[in-house]
Amino acid sequence: MKGPAAHSLDDYWPVEESLDELAQLARTAGIGVVGQMMQRLERPNPATFIGPGKVEELAEEAAQAVADVVIFDDELSPRHQRELERVLGDGIKLLDRTALILDIFAQHARTREGALQVELAQYEYRLPRLTRAWTHLARQAGGRAGGVTGGVGVRGPGETQLETDRRVIGRRIAQLKRELEKVRAHRGRHRARRRREGIPVAAIVGYTNAGKSTLLNSLAGADVLAEDKLFATLDPTTRRVELPGGGVALFTDTVGFIQKLPTQLVAAFRATLEEVVEADLLLHVMDITHPQVMRQAKAVDETLEEIGAAEKPTINVLNKIDRLPDPKAILPLASKFPASVAISALTGVGLESLLSSIEEILERRMVRLDVFIPYEMGELVDLFHRRGLIEQKEHIETGTRIAGRIPRGLLGRFHELME
């Protein structure tokens, strides 16, 4: 169900395209689609989001189709949800786009970190919408009730069940945030260790189903799940890749973005998205065969801006050229994206050019260093060989003199030798 446009229509995808994506999201969640409906209004109806007559029409069509789920392509306010559920009746489950995406994430979370992040996002979304009994709230996607069953029914004087439920959920949210802070600290320690080793990191970002996991598999010989589905992978995966010049970099496959990405998810996935913020380079993967590739790219750019990663060095990776009937069709699109490389992650076409571009950008982040290393600090010579580019090396009686370039992050390891 597509609701009214609250902004300029230029801010939105074509209605049909957005509804097609919503249908694909529904199928990803295991929900069959039997019909679509849309309405254009200047602003949402204060009570029911769409107009009263459209609500009645929706209820009639849902009954005729024997539908048990109605999904809106925009986020509904708690009031909209209550009023629409009252009209549609108990036999129909009402979801908005945000709830649908949260349900998909809950189904696809494979690690404890992913499960914690999804659970937090779900509860922060549902808390203001908590209007029924506890059993209504506890019906979560993937059978996740978040471990909050303990304590329900223990009320203070005059406290209603709803107030009790809100209090218990509030405590669970606080607990989840504490646990995720530990996850964030753990990831931070891993990143610090990588920085000490001077290993550069490239984060693979892009719209969901653009081919990010397929690209990581092709570059690293990895076995990341890669399916033609929205949000096929959720938990980040990092693999080591050898660059053409003999150096190495870590490539991290991150969760896919999507238009109207729920703010609850962006906030809850802060620990994961920091992998993008802290990366040395971004690979923005795009499905160049998608009719809305420009809008998809804009949605990704907006999310990167939201998390503070918009200014990162970026290579635009124009993927799926194997699906083009004429290879020259890529030229007009490539001209719209600076620093772009056309590839097929599936067949491997263009990957050598991509790796060369990555290496070139990473080398720009290196600094010159001319240093004398005593023999008793031979591990620094080995580090220079592994992570730097040696231009001159001379063995003398008490040590080794090396001139070349190293990653900026490794300068601290040589600090005492530079004085």
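In this text, residue positions in the sequence shown follow this note's numbering: the first is 1, and each later residue adds one.
We put the beta carbon where it would ideally sit given N, CA and C, even for glycine.
Excluding its 5 nearest sequence neighbours in each direction, Leu100 has C-beta neighbours in its own chain below 7 Å: Leu25, Ala26, Ala29 and Ile71, listed in chain order. Counting the other Cβ atoms within 10 Å of the Cβ of Thr214 gives 16 or more, which makes it buried.
By the C-beta density criterion, His186 is exposed, having fewer than 16 other C-beta atoms within 10 angstroms. In the three-state DSSP reduction, His290 falls in the coil class, being neither helix nor strand. Counting only runs that start and end inside the region 303-357, the alpha helix (DSSP H) elements of at least 4 residues fall at 330-334. Excluding residues up to 5 positions away in sequence, Ala109 lie with their Cβ nearer than 6 Å to the Cβ of Ala115 in the same chain.
When DSSP reads this structure, Tyr123 sits in no beta bridge, so it has no partner. Where Thr398 is concerned, there is no enclosing beta strand (DSSP E), because DSSP gives it neither an H nor an E. The beta carbon of Val34 is closer than 7 Å to those of Ala65 and Ala67 in its chain, skipping five residues each way along the sequence. Nearest neighbour of Ser353 by Cα position, chosen from Val341, Ile373, Ile361 and Met294, turns out to be Val341. Asp382 counts as exposed, since fewer than 16 other beta carbons sit within 10 angstroms of its beta carbon. The alpha-carbon of Glu305 is positioned some 16 Å away from that of Ile315. For Val183, the CB contacts under 6 Å within the same chain, skipping 5 residues up- and downstream, are Glu113 and Ala271 in chain order. In the three-state scheme derived from DSSP, where H, G and I count as helix and E and B as strand, Phe414 is classed as helix. One alpha carbon belongs to Val349, the other to Asp287, and they sit about 15 Å apart.
By the Cβ criterion, the region 164-174 is not in contact with the region 196-213, since fewer than three pairs of Cβ atoms, one from each stretch, lie closer than 8 Å. Within the model, the alpha-carbon separation for Gly308 versus Val277 is close to 6 Å. A contact between stretches requires three or more CB pairs, one per stretch, nearer than 8 Å, and the region 37-50 meets this requirement with the region 72-91.
The shortest C-alpha to C-alpha distance from Glu181 to any of Ala249, Pro200, Leu84 and Ala267 is the one to Ala267.
The beta carbon of Gln264 is closer than 6 Å to those of Ala121, Glu124 and Tyr125 in its chain, skipping five residues each way along the sequence.
Rounded to whole angstroms, His290 and Gly399 show a C-alpha spacing of 58 Å. The beta carbon of Glu394 is closer than 6 Å to those of Arg401 in its chain, skipping five residues each way along the sequence.
When the beta-carbon positions are compared, Arg239 and Phe257 stay at least 7 Å from each other.
In this model, Pro236 and Glu60 are separated by some 43 Å (Cα to Cα). In this structure, Val371 keeps its C-beta atom at 7 Å or more from the C-beta atom of Leu333.
By the Cβ-count criterion, Ile204 is buried, with 16 or more other Cβ atoms from all chains shown falling within 10 Å of its own Cβ. Inclusion of Ile169 and Leu216 in the CB contact set at 7 Å is not warranted, their separation being larger than that value. One Cα belongs to Glu197, the other to Met366, and the distance between them is close to 14 Å. Between the C-alpha atoms of Ala345 and Glu56 there is a straight-line separation of about 48 Å.
Taking the C-beta atoms as reference points, Gly404 is found nearer than 7 Å to Glu391. Of His385, Leu351, Phe337 and Leu162, the smallest CA-CA separation from Gly247 is found for His385. When the five nearest sequence neighbours on each side are left out, the beta carbons in the same chain lying within less than 8 Å of the beta carbon of Ile358 are those of Ala202, Leu243, Ala249, Leu281, Leu283 and Ile315, in order along the chain.
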